[in-house]
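Its first residue numbered 2, the sequence shown is counted upward by one per residue in our numbering. All residues carry an ideal CB built from backbone N, CA and C; glycine is no exception. For clarity, every value in this text was computed on a predicted model and none was experimentally measured. In what follows, a structure is listed as structure tokens, so that the remarks can point back to it.
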Amino acid sequence: MNLHELLSFGGFIIIIIIFLIIDLGVFDKKAHVVSFKESLMWTIIWIVVSVLFFLVLRFFGNELHGPENMSELKELSIRYKHNLNFDGLSFQEAIKLYNHNLSIEYITGYLVEKSLSIDNIFVFILIFASFGIPEEHYKRVLTWGIIGAVLMRFIFIFVSSALIQKYAWILYIFGGFLVIAGLKMFFSKSDEKKDPSNNFIVKWLSKRFNITETLHGQDLIFREKGKVFLTPLFITLVVVELSDVIFAIDSIPAVFAVTKDPFVVFFSNIFAILGLRSMFFLLNNIIDKFRFLKVGLAVLLLFIGLKMLLIDWIEKSAINYETWHSLIIIFLILLVSVLASIMFPAKEEKNVQ
Numbered sequence: 002m003n004l005h006e007l008l009s010f011g012g013f014i015i016i017i018i019i020f021l022i023i024d025l026g027v028f029d030k031k032a033h034v035v036s037f038k039e040s041l042m043w044t045i046i047w048i049v050v051s052v053l054f055f056l057v058l059r060f061f062g063n064e065l066h067g068p069e070n071m072s073e074l075k076e077l078s079i080r081y082k083h084n085l086n087f088d089g090l091s092f093q094e095a096i097k098l099y100n101h102n103l104s105i106e107y108i109t110g111y112l113v114e115k116s117l118s119i120d121n122i123f124v125f126i127l128i129f130a131s132f133g134i135p136e137e138h139y140k141r142v143l144t145w146g147i148i149g150a151v152l153m154r155f156i157f158i159f160v161s162s163a164l165i166q167k168y169a170w171i172l173y174i175f176g177g178f179l180v181i182a183g184l185k186m187f188f189s190k191s192d193e194k195k196d197p198s199n200n201f202i203v204k205w206l207s208k209r210f211n212i213t214e215t216l217h218g219q220d221l222i223f224r225e226k227g228k229v230f231l232t233p234l235f236i237t238l239v240v241v242e243l244s245d246v247i248f249a250i251d252s253i254p255a256v257f258a259v260t261k262d263p264f265v266v267f268f269s270n271i272f273a274i275l276g277l278r279s280m281f282f283l284l285n286n287i288i289d290k291f292r293f294l295k296v297g298l299a300v301l302l303l304f305i306g307l308k309m310l311l312i313d314w315i316e317k318s319a320i321n322y323e324t325w326h327s328l329i330i331i332f333l334i335l336l337v338s339v340l341a342s343i344m345f346p347a348k349e350e351k352n353v354q
């Protein structure tokens, strides 16, 4: 990292820590069922903060890497494959174009990550139900889950970026993986549910640690008579973290299809993740109403995967494809899936006497 990147990244982390302190329960440690009103408020707050960061990149995005002349700016554009044409532009005009593109890449990546995280909410709901966790304890598990997710995303994103910079063909592997994931999601049955309590990690922990069958307040781990015990909350947290790792294998390559700049990938990922907890509580009771949402997410993965596989052909062809085109296509895919769910709701099953 150069000085500009170090200061930008450090400032971003400090801001995120401040929001985590406010949002993740330091001032509200009492276990309670998160209301629809509370979850809606925090969902709106996180969306507003994410959009404000879009504006920061829109006007000051060049401060992230700090190019000081046209040569450095062109080198950045080539390194992260922004595919920008600066011919005939002054340095200030080129900076404006660069900032505009960077902000569009960020908001597109954010929309991709936010959309795909909805699939993770389905899994979280199943995990909590499987372990019989009362709703008032959801918040604590998700709090620690999000903190763990932030750390894992940091490692995953920057390691992936380093590999992509060295081995460009990795993008084709990512693209193929996303196509397979999209097809798998598209053809999977909506009523297919696996019991998370049968997870191999849960079985491994059960053989090596003392695990209680009942909760011990809000404790994840507690000591009694010299022995350390793991509570159902801890086991649930482990499964939530594992599911997020699996989810990240889909979502992070999808964002790399939008931008190759690891900082932009990280920023979009973190803002989407930080709003995940409030969105979970917001959608917990209504997510089943959107029956075509999974189909939309599957199409989204297929589109992004195919785009990664065909990127060289697109760049060499006469097609004038820009980042904002992806933004519009992704938005339309999600909009159609939501509208279809509203217009064609699932028929309620009638009890057969």
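Check whether residue i and residue j have beta carbons under 8 Å apart
{"i": "residue 240", "j": "residue 212", "result": "no"}
{"i": "residue 334", "j": "residue 123", "result": "no"}
{"i": "residue 251", "j": "residue 299", "result": "no"}
{"i": "residue 136", "j": "residue 229", "result": "no"}
{"i": "residue 107", "j": "residue 269", "result": "yes"}
{"i": "residue 187", "j": "residue 52", "result": "no"}
{"i": "residue 20", "j": "residue 158", "result": "no"}
{"i": "residue 92", "j": "residue 63", "result": "no"}
{"i": "residue 238", "j": "residue 221", "result": "yes"}
{"i": "residue 138", "j": "residue 32", "result": "yes"}
{"i": "residue 116", "j": "residue 283", "result": "no"}
{"i": "residue 112", "j": "residue 328", "result": "yes"}
{"i": "residue 10", "j": "residue 2", "result": "yes"}
{"i": "residue 315", "j": "residue 322", "result": "yes"}
Cut-off 8 Å between Cβ atoms - residues of its own chain near residue i, not counting five sequence neighbours on either side
{"i": "residue 4", "result": "67"}
{"i": "residue 6", "result": "65, 66, 67 and 264"}
{"i": "residue 125", "result": "143, 241, 244 and 281"}
{"i": "residue 118", "result": "248, 252, 273, 274, 277 and 280"}
{"i": "residue 173", "result": "309 and 310"}
{"i": "residue 346", "result": "290 and 292"}
{"i": "residue 184", "result": "299 and 303"}
{"i": "residue 324", "result": "102, 105, 106, 109, 259 and 260"}
{"i": "residue 177", "result": "306 and 310"}
Exposed unless 16 or more other CB atoms sit within 10 angstroms - verdict on residue i
{"i": "residue 233", "result": "buried"}
{"i": "residue 168", "result": "exposed"}
{"i": "residue 160", "result": "exposed"}
{"i": "residue 1", "result": "It is not possible to answer for residue 1, since the shown part of the chain is limited to 2 through 354."}
{"i": "residue 207", "result": "exposed"}
{"i": "residue 80", "result": "exposed"}
{"i": "residue 60", "result": "exposed"}
{"i": "residue 110", "result": "buried"}
{"i": "residue 261", "result": "buried"}
{"i": "residue 114", "result": "buried"}
{"i": "residue 164", "result": "exposed"}
{"i": "residue 150", "result": "buried"}
{"i": "residue 336", "result": "exposed"}
{"i": "residue 37", "result": "exposed"}
{"i": "residue 170", "result": "exposed"}
{"i": "residue 320", "result": "exposed"}
{"i": "residue 78", "result": "buried"}
{"i": "residue 271", "result": "buried"}
{"i": "residue 147", "result": "buried"}
{"i": "residue 227", "result": "exposed"}
{"i": "residue 162", "result": "buried"}
{"i": "residue 301", "result": "buried"}
{"i": "residue 85", "result": "buried"}
Contacts around residue i, its chain only, beta-carbon distance under 6 Å, and the 5 residues preceding and following it disregarded
{"i": "residue 28", "result": "Legend: pLDDT at residue 28 = 48, less than 50; position of this residue unreliable, value from coordinates given subsequently. Correct list: empty, nothing qualifies."}
{"i": "residue 341", "result": "293"}
{"i": "residue 305", "result": "179, 255 and 258"}
{"i": "residue 83", "result": "102"}
{"i": "residue 22", "result": "none"}
{"i": "residue 343", "result": "none"}
Same chain, Cβ closer than 7 Å to residue i, neighbours up to 5 away in sequence not counted
{"i": "residue 55", "result": "104, 107 and 108"}
{"i": "residue 16", "result": "none"}
{"i": "residue 285", "result": "126"}
{"i": "residue 210", "result": "231"}
{"i": "residue 58", "result": "100, 103, 104 and 107"}
Rounded Cβ spacing between residue i and residue j (contact assumed at less than 8 Å)
{"i": "residue 219", "j": "residue 154", "result": "Between residue 154 and residue 219 the Cβ distance is about 26 Å, and since that is not below 8 Å, they are no contact."}
{"i": "residue 236", "j": "residue 129", "result": "12 Å between Cβ atoms; not a contact."}
{"i": "residue 87", "j": "residue 75", "result": "6 Å"}
Interface flag, residue i vs chain D, CB-CB below 8 Å
{"i": "residue 54", "result": "No chain D appears in the structure shown, which is made up of a single protein chain."}
*asked:* I'd like the ranges of any alpha helix (DSSP H) spanning at least 4 consecutive residues and lying wholly in the stretch 114 to 175.
replied: 139 to 167
*asked:* Runs of 3 residues minimum, wholly inside the stretch 216 to 294: which ones carry the beta strand (DSSP E) assignment?
replied: 222 to 225 and 228 to 231
*Counting only runs of 3+ residues fully inside the stretch 59 to 106, write out the beta strand (DSSP E) ranges in chain order.*
none
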